[in-house]
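Novice:
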Amino acid sequence: LGKAYSLGARELLATVSVKMLVPMHFWGDYSICERLQSELGAFDTEIICLAERPYTWRIA
1 LGKAYSLGAR ELLATVSVKM LVPMHFWGDY SICERLQSEL GAFDTEIICL
51 AERPYTWRIA
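Position 43, counted from 1, in the sequence shown is what this note's numbering calls 43; the numbers after and before it change by one each time, with no gaps.
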């Protein structure tokens, strides 16, 4: 993913109001989500971390 891995999420949160962010495309490196939580903590957004694969949930 490289150094710019958080730019897309950062741009999204800076542009629109997002209540929950679920990072998905991190190619099996689940530590990315924890890094995003710490780097994007200034935004008022809950970052949901996936911890295993496959991961499914229902949005109600």
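Don't be surprised by glycine CBs; every beta carbon is placed ideally from N, CA and C.
Enumerated in chain order, which unbroken segments of the alpha helix (DSSP H) with a length of 4 residues or greater are wholly contained in the region 22-49?
Specialist: Within the region 22-49, the complete alpha helix (DSSP H) runs of at least 4 residues are 31-39.
Novice: Do residue 48 and residue 21 have their C-beta atoms within less than 8 Å of each other?
Specialist: Translated into the one-based positions of the sequence shown, residue 48 becomes position 48. Translated into the one-based positions of the sequence shown, residue 21 becomes position 21. Yes, Cβ-Cβ distance for residue 48 and residue 21 is below 8 Å.
Novice: For residue 50, which residues of its own chain have a beta-carbon under 8 Å away from its beta-carbon, when the five flanking residues on both sides are left out?
Specialist: In the sequence shown, the residue the question calls residue 50 occupies position 50. Contacts found: 22, 23, 24, 30 and 33.
Novice: Please classify residue 42 as buried or exposed, where buried requires at least 16 neighbouring CB atoms within 10 angstroms.
Specialist: Counted from its first residue, the sequence shown places residue 42 at position 42. So residue 42 ends up on the exposed side.
Novice: From what residue to what residue does the alpha helix (DSSP H) around residue 10 run?
Specialist: Numbered from its first residue, the sequence shown carries residue 10 at position 10. From DSSP, the alpha helix (DSSP H) with residue 10 extends over 7-15.
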